[in-house]
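The structure appears right after this line, and notes come after that.
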Amino acid sequence: MASGRKNRRNSAFNLAFLDVMSCGFGAAVLLFLIIKHGAAQSLSNDSEVARLEADITARQAEIVSIDETISAMQSQADEQKTRISSLNASIERVLGEAQAVQEATAAVSGRIEEAKKALSAMEATVVKAEQDSAIQIAGQSSQQFLTGLSVEGRRIVIMVDHSASMLDQKIVNIVRRRAIGGETASDAPKWQRTQKIARWLVNKLPENSMVRFVSFSETAQTIPENRWLSVSDTAQITDALEKTLGEAPNGGTNLYRAFGALNQLSPAPDAVYLITDGLPTMGRRAARRATVSGKERLDLFNEAVKSVRVEARMNVILLPLEGDPDAAFAFWQLAHATGGRMLSPAEKWP
């Protein structure tokens, strides 16, 4: 019996030892699994952290790129704002200038309208003056009144040069027309223009004035010979004018004889209107040669001027003539010295 109890005690010990060993072994296995799982979990966390850090770095790079893009776009926006401000300023300036131009245009338009009204009033006045004139000139425009030359005076003499040079302004044409003579001479454009000028002067005679005519070439003729014609004597003035213009241009120019006829008028004139085209070619004495130099023509002019005894305003209408450069200044001096005017008219006047 004692042996049986001993065996039972050993079996119990063995079983307890096995339980202890099994538990220890299980604990070791469990500890091993825990340690291994922790290491694996640690490695997994490190990978995730690395991945997250890489992702964060990429996102940060994207953010930096976006910030740079935003900055660039902001700079462009600022430039656009500056440009828009500049354009707005330019538009305002242009609008201001356009408004100023419109205002100036309106002002000029107003002045033009005022000028048109003034011109209409002036034309009406001129038309009335022409209607009240001694002789009406068919086809004459009222603008001829605006020439800078007015007809003034109490006793007026109209002197008309009908020498051969009044046929044309070119020497060769003068010679040709003079050789042909007849209607060709009378129809010469320059002589036709001379007649228009004479009629224009008559048409502008002031009221209560008197007139006589002097026609001259190599000699001089006063028309009418013995009396002054009142501006109201329309028929007689017309007749005297036609006689003055009736003879075709011919011969030389003797201004000394013309002024001699002027000196014989009684009572003396106070205004003279001389229609000519150049310096004289003849004087008090007969010419020694067929041709006259420019200096000799100027001497003949001075001789004629010195012979004038009447105190009258000398107004000169000088038509063009080839080869007579001293004429304009000489006649201007004559007009200026006597208080008159010299007109070298445009081709289309009157």
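If you're matching positions, the sequence shown starts at 2 in this note's numbering and goes up one per residue. We put the CB at the ideal spot given by N, CA and C, even for glycine.
For residue 313 against residue 269, the beta-carbon gap comes to about 7 angstroms, under 8 angstroms, which counts as contact.
For residue 324, the number of other beta carbons within 10 angstroms of its own is below 16, and it is reported as exposed. Looking from the CA of residue 253, the closest CA among 232, 240, 285 belongs to 285. In this structure, residue 238 sits away from residue 161, with a CB-CB distance that is not shorter than 8 angstroms. A direct Cα-Cα distance of roughly 10 angstroms separates residue 151 from residue 341. In this structure, the CA atom of residue 315 is about 20 angstroms from the CA atom of residue 242. The closest CA to that of residue 157, considering only 223, 92, 94, is found on 223. By the CB criterion at 8 angstroms, residue 229 and residue 212 fall inside the cutoff. Taking every protein chain shown into account, the CB of residue 210 has 16 or more other CB atoms within 10 angstroms, so this residue is buried. For residue 162, the secondary structure class from DSSP, reduced to helix, strand or coil, is strand. Put simply, the backbone Cα of residue 215 is about 18 angstroms away from that of residue 332.
A residue is called buried once 16 or more other Cβ atoms fall within 10 Å of its Cβ, and residue 278 is buried on that count. In this structure, DSSP gives residue 31 a helical state, which the three-state scheme calls helix.
Residue 99 and residue 115 have their C-alpha atoms roughly 24 angstroms apart. A buried status is given to residue 343, since no fewer than 16 other beta-carbon atoms sit within 10 Å of its beta-carbon. If you look at residue 286, you'll find it isn't in any beta strand (DSSP E); DSSP assigns it neither H nor E. Closest option to residue 220, judged by alpha-carbon separation, among 226, 89, 164: 164.
For residue 317, the enclosing beta strand (DSSP E) starts and ends at 314 to 319. Across the set 346, 322, 59, 309, the C-alpha of 309 shows the shortest separation from the C-alpha of residue 335.
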